[in-house]
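This report concerns only the one structure given below.
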Amino acid sequence: MFRVRRTGVVAALLLAALAGSPGSTQAQQNTAGPAGPASAADADDPGGLPAGWSLTGAGAARQLVWRSDRPVPISDAGVAFYSGTRFLGRPVGTPDGRSFRLAVGPARLGDPSGLQARTGERRLDAAGAGQNRPAGPEAPEGRPGLSARPSARPPVNAVDPGKPGSYRTATGDYKLPSVRLPGLAERVEMRAVVVAPTDAPGHRPLALFLHGRHTTCYGGDGSGGDWPCPTGSRPVPSYRGYLADQKLLASQGYVTVSIAANGINGQDYAAEDGGAQARSSLVRQHLARWAGWAARPDSAPPIVRRTAGADLSRVLLVGHSRGGEGVNRAAMDSLSPAPADQDGYHGPVRWHIRGTVLIGPTIFGQNPAPDVPSVTILPGCDGDVSDLQGQMYLDATRGVGRGAALHSAVHMIGANHNFFNSEWTPGQAQAPAEDDFWSGDERDRVCSPGTATRLTARQQQAAGATYIAAAARLFVAGDDRVRPLLDGSGRRAPSAGPARVLTHAVGGRRTPAFLPDGRVSVDGGRLCDEVTEVVSAACLGSGRNGVSPHFAPWAASQEPGRRAVALRWTAAGSPVRIRSARPVSVAGSRALALRLIVPPNTRDNRFDIRLTDTAGHRATLGSVRLDGLPGTDRTASYWGQEVRLPLAAAIRAGVDTHRLKALEIVPRTRTGQAWLVDSWGWRAGTPTVRAADLARVDIGRLTVEEGDAGARTYHVPVTVTGHGKGTVRLFVADPDTGRTTSREITVRPGDPAPDVTVEVRGNTRFGYDVSHDVFAKAVRGAVVGTYRGGVTAHNDDPMPAFEVTPASARAAEGGKLTWRIGLSAPADVDLQSDIALVRVTGGTELSTTDVDPQWLRNTSGKEPLPSRPLSQVSGFFLFAGIPAGRTSTEFTIPTVRDRLHEREETVRLRLTVYDETGRPHAGPEFTGTVHDPA
């Protein structure tokens with residue numbers, strides 16, 4: 028049992044529920060940053076925070092709040108808070124898109140001047156407005172001023188899946204009654220566009236497309252994220268953005284449908300999983316309709332009746348951005364049903380998903396469907412999901428399922444996030460659209476439009492369509508001839524045009540060899556942690572330009588079991604040996620495949636690769652040469668390239684490939700760095716995939732009333748379904764200490780579920796809700812659906828009312844105007860109100876030259892001259908914060924004395940107060956008067 032108390036420093040693992048499970052409890056850090064008590068260096072004083080930022084509450088209820096002066100545009104990555112380069116977490120937004128809150132508890136935030144609100148690689152907060160992060164050195168850790176030269180173009184593949192087929196096609200929409208989905212207040216549309224062949228024989232495979240999170244409405248007062256769309260505006264037709272991909276597949280004999288999801292995009296701002304379960308439900312609602320139409324064709328919409336019938340035993344799902352995470356969850360839910368109270372589809376599964384294509388996807392939970400083949404397209408210039416976290420659709424499947432499903436990553440250099448959807452592409456879209464890779468004031472030498480490496484929209488769309496068709500041909504049609512385009516074999520398709528595409532894969536016919544996550548030791552290098560805040564243990568330390576998709580952060584800032592091998596050398600020939608605690612077998616494999624990362628923009632990184640067996644026989648397999656990917660500090664270019672070396676040399680030398688002991692990587696360049704992600708025995712072919720009967724874990728969320736007194740104990744709802752025995756890692760965050768503990772546990776349907784208890788103490792003072800969060804991640808033999816849940820102690824006490832009384836609201840020039848801002852009762856948390864300057868309608872208004880110039884600069888960033896009324900100054904950041912336990916504070920405007928004889932001047936102000944959800948409410952108005960000295 029995990030037990031977490033609301034007060035006190037307790038996060039204990041009780042062995043009764045965890046007996047026999049491997050691993051050990053490890054103290055870890057909250058997602059908000061390093062654990063430990065707040066220090067003097069923290070941004071605890073709201074006055075020390077940048078404009079728009081505030082800290083509220085104390086202890087477990089402490090929250091970091093950022094308010095924007097305008098609605099934040101909808102994006103797939105969503106808003107994230109950072110302290111410098113350190114990820115703090117993803118805040119919860121309010122419906123108006125202006126206010127965002129992140130529970131940070133007692134965690135240290137560091138230098139307050141480093142606080143940033145970002146979406147992807149774009150700064151949102153006032154301190155970053157108009158800025159663009161510098162492009163960084165021309166060639167990190169390589170030759171200055173020299174980007175990596177493109178390698179010679181790879182050979183052409185035997186077949187080109189991007190060539191149009193011979194079938195004629197028809198296009199049309201259908202619109203069905205909207206549906207209700209759990210957790211969403213408004214109904215969600217059931218609308219789609221179908222492109223299908225008209226002359227193809229028999230029933231044809233079905234490809235379903237799901238777009239990502241984008242603006243929902245346009246027209247009227249502009250683009251926004253409302254749902255339903257306000258009067259005078261129209262829905263953005265994001266679902267029509269894949270027509271070119273659909274037409275290509277339809278000409279090749281596929282029935283295609285692209286579905287609308289604006290109703291989810293407009294309501295998922297507060298969803299704990301970012302809307303993944305809702306999107307899965309919507310996908311399966313459409314698949315259920317198609318299954319019904321296949322059984323009763325006369326009930327289908329006209330466009331479905333007049334085109335080829337769909338074969339629901341052969342389904343490909345294609346998802347873009349959050350749509351990628353949605354179709355991954357739909358594939359999982361089709362094999363292992365989600366808990367009924369969380370799911371929006373409860374009917375039979377009358378389809379078989381053969382594979383998924385995930386385009387620039389999110390994967391907030393990092394729990395992919397391990398036994399469903401996938402292709403993940405990683406855009407090298409993605410400005411939205413800029414960390415390329417979709418890499419986890421490969422890396423997080425290792426060792427989880429049967430291992431037969433091929434999981435491919437397609438790294439497309441020069442592609443951005445939006446242009447895969449023509450309705451998100453300027454010049455093609457009906458609604459306003461933009462390039463998501465934001466150049467700002469600084470030109471990025473890799474990703475700004477017009478650079479040698481950046482693709483145009485048409486080039487990117489042609490390449491995307493080609494690789495979607497390749498996945499369909501491999502996973503659905505079973506044509507193994509396209510596999511070399513996807514699995515790291517180094518082939519290209521002419522239809523992809525000039526796009527430079529690199530691929531690697533896990534699964535398929537690969538056999539695990541030397542995996543850093545396993546029981547290995549390293550000489551000459553070091554095992555490094557992919558996710559940690561201990562700089563000396565991290566794979567990529569501080570001060571490095573760019574990031575690695577392989578090391579994408581997760582809900583916990585310290586994650587056991589995710590490791591790589593770091594190599595650093597200062598002399599050629601210095602070997603790095605990776606030794607396995609148990610003999611490794613690659614018998615039956617034709618080659619040894621390695622995924623190696625070399626720094627971006629570096630050239631001619633050369634390595635010899637050797638194998639040694641348990642008897643001491645050694646052989647050099649050969650040499651490999653790698654150039655780094657083009658990159659800047661704004662790209663995720665530390666990416667593993669697949670290299671293969673035939674095992675023939677080892678077999679000739681008498682090395683026993685059934686009992687390998689060590690892998691040696693010997694650098695042949697003078698100095699450098701590299702990282703080994705993993706290594707595999709490889710052979711050609713694509714095996715038949717049979718979905719395993721895996722245990723499934725879902726974490727629920729229980730919301731309880733705080734109560735007025737006493738303590739109550741609650742159990743976090745943890746559901747275990749499915750079949751068989753599996754292992755997951757459970758993380759429990761203590762909001763009082765900011766620490767997270769974790770342990771591997773064994774789960775089996777029918778056995779008692781892991782017991783996580785939370786103690787909640789009540790009182791009669793206002794405070795914020797306190798969340799006791801639990802996270803889960805699959806390790807082996809299991810899948811995790813809803814990865815995040817816990818117990819939320821809901822504040823049930825009313826918020827005190829704000830009131831303003833004059834302390835010195837009439838002053839002579841050179842004096843101070845002062846008001847006392849009070850509360851009707853003390854609260855358990857800091858309460859803050861914003862103060863706005865309002866135009867004076869009668870008399871003379873206090874001007875910029877009447878107040879202390881330093882006060883003006885500190886609160887608005889503006890200069891006194893030219894003199895103008897205070898209400899006409901933009902950018903004022905005025906507030907009044909009342910600490911927890913107190914009932915009042917003072918707000919002061921210092922004035923200056925001049926030599927002019929003037930009439931009395933007035934300043935008019937209005938409070939804006941925020942409730943516990945962050946919604947603004949108009950507070951009292953108050954005034955002050957300044958007169959000439961007597």
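The numbering of the sequence shown is the working numbering, which starts it at 28 and goes up by one. For every residue, glycine included, the Cβ atom is placed at its ideal position computed from N, Cα and C. These numbers were taken from a predicted model, which means no experiment stands behind them.
Below 8 Å on the Cβ atoms is my contact criterion, and I expect G417 with T403 to pass it. Report the Cβ-Cβ distance as a whole number of Å. Position 390 of the sequence shown, counted from the first residue, corresponds to residue 417. Position 376 of the sequence shown, counted from the first residue, corresponds to residue 403. At roughly 5 Å, the Cβ-Cβ gap stays under 8 Å, so G417 and T403 are in contact.
Given a threshold of 16 other Cβ atoms within 10 Å of its Cβ, counted over all protein chains shown, does S650 qualify as buried or as exposed? Taking the first residue of the sequence shown as 1, we reach residue 650 at position 623. Its Cβ having fewer than 16 others within 10 Å, S650 is exposed.
Verify whether the separation of the beta carbon atoms of P657 and T480 is less than 7 Å. Taking the first residue of the sequence shown as 1, we reach residue 657 at position 630. Taking the first residue of the sequence shown as 1, we reach residue 480 at position 453. Yes, the pair counts as a contact, with Cβ atoms nearer than the cut-off.
Under the DSSP definition of a beta bridge, which residues are partnered with A711? Position 684 of the sequence shown, counted from the start, is the residue given in the question as residue 711. Partner(s): none; A711 has no beta bridge.
Start and end of the beta strand (DSSP E) containing A134? Walking along the sequence shown from the start, residue 134 turns up at place 107. No beta strand (DSSP E) contains A134, which DSSP labels as neither H nor E.
Considering only the alpha carbon of each residue, which of L235, A197, F236 and V220 lies closest to D226? Start at 1 with the first residue of the sequence shown, and residue 226 comes out as number 199. Comparing Cα positions, the closest option is A197.
Contacts around R595, its chain only, beta-carbon distance under 6 Å, and the 5 residues preceding and following it disregarded: Stepping through the sequence shown from its first residue, residue 595 is reached at position 568. Excluding residues within five positions, the ones whose Cβ falls inside 6 Å are Q700.
Let me confirm a value: V562 is counted as buried when at least 16 other C-beta atoms fall within 10 Å, else exposed. Which label applies? The count along the sequence shown starts at 1 and reaches residue 562 at position 535. The residue in question, V562, is exposed, as its Cβ has fewer than 16 Cβ neighbours within 10 Å.
Quick check on this structure: which residue in G568, P825 and T919 has the alpha carbon closest to the alpha carbon of T944? Against the sequence shown, residue 944 aligns to sequence position 917. Measuring from the Cα of T944, the nearest candidate turns out to be P825.
Under a three-way DSSP split, which group does H948 fall into? Along the sequence shown, read from residue 1 onward, the residue named residue 948 stands at position 921. In this structure, H948 counts as strand in the three-state DSSP scheme.
Does I101 come out as helix, strand or coil in the three-state DSSP assignment? Indexing the sequence shown from 1 puts residue 101 at position 74. In the structure shown, I101 sits in coil (DSSP, three-state: anything other than H, G, I, E or B).
Quick check: I101 and T242, are their CB atoms within less than 7 Å of each other? Along the sequence shown, read from residue 1 onward, the residue named residue 101 stands at position 74. Along the sequence shown, read from residue 1 onward, the residue named residue 242 stands at position 215. Their beta carbons are under 7 Å apart, which means I101 touches T242 by this criterion.
Hey, is V818's beta-carbon within less than 7 Å of any beta-carbon in chain D? The displayed structure is made up of one protein chain only, and chain D is not part of it.
Quick one: residues in its chain with C-beta nearer than 6 Å to the C-beta of Y941, no 5 flanking neighbours on either side, listed in chain order? Taking the sequence shown and counting its residues from 1, one reaches residue 941 at position 914. Answer for Y941: P947, listed in chain order.
Determine contact between the segment 640–650 and the segment 726–740, defined as no fewer than three beta-carbon pairs at a distance below 8 Å. no
Please report the residue range of the beta strand (DSSP E) in which R595 lies. Working through the sequence shown from its first residue, we reach residue 595 at position 568. Counting along the chain, the beta strand (DSSP E) containing R595 begins and ends at R590 to W596.
With distances taken between CB atoms, is the gap from L850 to P833 smaller than 7 Å? Counting from 1 along the sequence shown, the entry for residue 850 is found at position 823. Counting from 1 along the sequence shown, the entry for residue 833 is found at position 806. Cβ distance not < 7 Å, so L850 and P833 don't count as in contact.
Note down the Cα distance separating T819 from G765, rounded to an integer number of angstroms. The residue given as residue 819 occupies position 792 in the sequence shown. The residue given as residue 765 occupies position 738 in the sequence shown. So the two alpha carbons sit approximately 16 Å from each other.
Assign R317 to one of three DSSP states: helix, strand, or coil. Against the sequence shown, residue 317 aligns to sequence position 290. The amino acid occupying residue 317 in the given sequence is Trp; Arg does not appear at that position. Helix at W317.
Could you pull out every residue in the same chain whose Cβ sits closer than 6 Å to the Cβ of A718, ignoring the five residues on either side in sequence? Here residue 718 corresponds to residue number 691 of the sequence shown, with the count starting at 1. Excluding sequence neighbours, A718 sits near L362 and D398.
Are D103 and V412 close, meaning C-beta to C-beta below 7 Å? Here residue 103 refers to the residue found at position 76 of the sequence shown. Here residue 412 refers to the residue found at position 385 of the sequence shown. A contact, by the Cβ cut-off of 7 Å.
From the DSSP output, in three-state form, read off N445 for me. Position 418 of the sequence shown, counting from 1, holds the residue named residue 445. Helix, per DSSP.
If we count Cβ pairs, one from each stretch, closer than 8 Å, do we get three or more for the segment 366–380 versus the segment 324–331? no
Length-filtered (3 minimum) beta strand (DSSP E) runs lying within the segment 568–656: 590–596, 603–611, 618–624, 632–640 and 645–653
Would E917 and T845 be called neighbours here (beta carbons separated by less than 7 Å)? As a first step, residue 917 is located in the sequence shown; it is residue number 890 there, counting from the start. As a first step, residue 845 is located in the sequence shown; it is residue number 818 there, counting from the start. Against a cut-off of 7 Å, the Cβ pair of T845 and E917 comes out as a contact.
H379 to S308 span [Cα, whole Å]: As a working note, residue 379 is residue 352 in the sequence shown. As a working note, residue 308 is residue 281 in the sequence shown. Distance between the alpha carbons of H379 and S308 is about 16 Å.
Inter-stretch contact (C-beta, 8 Å, three-pair minimum) for the segment 600–615 and the segment 662–672: no
Determine, using beta carbons only, whether F758 and P694 come nearer to each other than 7 Å. As a position in the sequence shown, residue 758 is number 731, starting the count at 1. As a position in the sequence shown, residue 694 is number 667, starting the count at 1. No, they are not a contact pair.
8 Å contact criterion, which V473 and T662 should meet: CB distance rounded: Within the sequence shown, numbered from 1, the residue matching residue 473 stands at position 446. Within the sequence shown, numbered from 1, the residue matching residue 662 stands at position 635. Rounded, the Cβ-Cβ distance is 6 Å, consistent with contact.
Status (buried if at least 16 other CB within 10 Å, exposed otherwise) for P262: Here the question's residue 262 lines up with position 235 in the sequence shown. With 16 or more Cβ atoms within 10 Å of its Cβ, P262 is classed as buried.
Counting Cβ pairs closer than 8 Å, one from the segment 285–299 and one from the segment 240–260, do we hit at least three? yes
Supposed close pair H438, L405 - CB separation, criterion 8 Å: Locating residue 438 in the sequence shown gives position 411, counting from the first residue. Locating residue 405 in the sequence shown gives position 378, counting from the first residue. Sure, about 5 Å apart at Cβ, within 8 Å.
Identify, in the order they occur along the chain, each residue of the same chain with its Cβ nearer than 7 Å to the Cβ of T791, setting aside the five sequence neighbours on each side. Sequence index remark: in the sequence shown, residue 791 carries index 764 (1-based). Excluding residues within five positions, the ones whose Cβ falls inside 7 Å are D735 and D824.
Just how far apart, CA to CA, sit T538 and L690? Numbered from its first residue, the sequence shown carries residue 538 at position 511. Numbered from its first residue, the sequence shown carries residue 690 at position 663. Going from the Cα of T538 to the Cα of L690 covers about 15 Å.
Using three-state DSSP, classify G172 as helix, strand or coil. For the purposes of this step, residue 172 is taken as the residue at position 145 of the sequence shown. In this predicted model, G172 has a pLDDT of only 32, less than 50, meaning its place in the structure is not dependable; the value taken from the coordinates is given anyway. Here G172 sits in coil by DSSP.
Determine the DSSP secondary structure at T383, reduced to helix, strand or coil. Reading the sequence shown from its first residue, position 356 is the one you call residue 383. In this structure, T383 counts as strand in the three-state DSSP scheme.
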